[in-house]
Structures are given as structure tokens and as C-alpha cells.
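So the structure is just underneath, and the comments pick up after that.
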Amino acid sequence: SKKKMVVPGAGEHPLQYNYTFWYSRRTPGRPASTQSYEQNIKQIGSFASVEQFWRFYSHMIRPGDLTGHSDFHLFKEGIKPMWEDDANKMGGKWIIRLRKGLASRCWENLILAMLGEQFMVGEEICGAVVSVRFQEDIISIWNKTASDQATTARIRDTLRRVLNLPPNTIMEYKTHTDSIKYSLGRLPWA
Amino acid sequence: GTRIIYDRKFLLECRRSPVAK
């Protein structure tokens, strides 16, 4: 069953792409298998214009006010925020670990840059994630082709510019195939 | 084709002045 794509309202400012907000929260003590991950991830809604984005965003809790093991995901409509999605499986992500207190501002700057097409890497961007954890928060931006070094370098440089991060911030690029390997390594039977 | 590019300042302005319905 194909869902109807959202369209901009009259007089609204269209975005280059439609996007979907997702939310996930991990139940403490449960293993993060693919199946439970997919069960825990919920769609919030999709939008096609700047105004529709603000209507969602203004009603959402700021990441810095979330508790527990929670994530917001903002992906292009039609791309699931999972490694296994066709758009993601050859891809990777830039990861930035943030000390507590920075997540709300960094997340907003990151998604505004993505929605406004500030990365200038064609069709490469898939989506962005903010992950709220116990001691630190993590933001990441996912792209389609992990092996495309010109693209990943351009995304890194744009991130530095739009996030206005402290100079000692460490940025790490991880391919999704590596993420899958390491997560399997943590399972008791692997 | 052409790309729809918005800077942060413009996106924040759209938040303050929503389209009249």
C-alpha cells in the first residue's frame, strides 16, 4: 500500500524534498535487535514545506528535554531510518558526540541546514538523527555512498560551519556496514 | 534542475511569520 505524499499548502515555501520525522525509545534491558528496533520506531509525520516543518517541530519536545534512551530521526520521505533501507545500505554517517546541554541547539542547526539544502551534495543526504543518552548526546547525518570521499568531506566541512562547534569537537565517520558488524559483535551468540 | 536553498535566517523568519490561511 502506497501512502499519499504530502504537498505544500497554498502560499507555503516548498522544500527540495519531503521529509518524515520519526521517534524511537529503547526499552531498558532489551537487546537492540533489528526486529525490536523496527518495532520501537514510530513515525511522527511528513512535511513538504517550511511552514509544515515548523508546525511539527514547534510541538515536539526539544532533544535536551528528553529523558532515557531516545532518538529523533528526520529522513527524506520514503527512506526508513535503518541501515537496511536501500538508500542507506551502502552509506554511512558523520557522528558528533556532544556534552549534555548542546543537543537542542545543534539538532536545530543540523536539520535547518539539511532542509535548506546547505550541504550541496546532490541526492546524497538521507537524513539526520539525534540520540539522547545517559552521559552524552549524539547527532549524526547519514549519506548514501560511504565510499564517496568528496561527498563525505563536503558534509564534514558543512557540519563544522553550520553547527558552530567547540574547536576540540571530535567528528567520526562510520560506514553502516561497520555499524552492523560491531552491533553483531555485541550480541551474546556472536 | 534548480535546487531550493534556504539559509537558517530565512527558515527562522518563516517560523515567526506563518502563511495567512
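Each protein sequence line maps, in turn, to chains G and F. FYI, the numbering for the first sequence is 90 to 279, going by our numbering. FYI, the numbering for the second sequence is 1142 to 1162, going by our numbering. Even for Gly, the Cβ is constructed at its ideal location relative to N, Cα and C.
* To do: May I ask which residues mark the beginning and end of the beta strand (DSSP E) holding Phe142 (chain G)?
  => Run containing Phe142 (chain G): none in the beta strand (DSSP E); it sits in the alpha helix (DSSP H), Val139 to Tyr146.
* Examine chain F for any beta-carbon lying closer than 7 Å to the beta-carbon of Gly205 (chain G), and answer yes or no. => yes
* To do: Say whether chain G places a C-beta atom closer than 7 Å to the C-beta of Arg1137 (chain F).
  => Here chain F has residues from 1142 to 1162 only, and residue 1137 (chain F) is not among them.
* Residue of G:Met179, G:Ser193, G:Trp111 and G:Tyr146 minimising C-alpha distance to Ile269 (chain G) -> Taking the Cα of Ile269 (chain G) as reference, the smallest distance to any Cα among G:Met179, G:Ser193, G:Trp111 and G:Tyr146 is reached at G:Met179.
* Taking 7 Å as the cut-off, decide whether the C-beta atoms of Gln132 (chain G) and Trp111 (chain G) are in contact. => Closer than 7 Å, so yes.
* Phe161 (chain G) - containing beta strand (DSSP E), residue span -> Ser159 to Lys165
* Answer with yes or no whether the minimum CB distance from Arg1149 (chain F) to chain G is below 7 Å. => Closer than 7 Å: yes.
* Kindly give me the distance between the Cβ atoms of Thr247 (chain G) and Glu213 (chain G), rounded to whole angstroms, as I take these residues to be in contact under 8 Å. => That pair is no contact at about 11 Å.
* In chain F, what lies closer than 9 Å to Leu199 (chain G) by C-beta? -> Result: empty, since nearest Cβ-Cβ is about 11 Å, beyond 9 Å.
* **Beta-carbon proximity check, Cys293 (chain G) vs Ile168 (chain G), cutoff 7 Å** => One cannot answer for residue 293 (chain G) here, as it falls past the ends of chain G, which runs 90 to 279.
* **Proximal chain F residues relative to His102 (chain G), where beta-carbon distance stays under 9 Å** => Ile1145, Tyr1147, Phe1151, Leu1152, Cys1155 and Val1160
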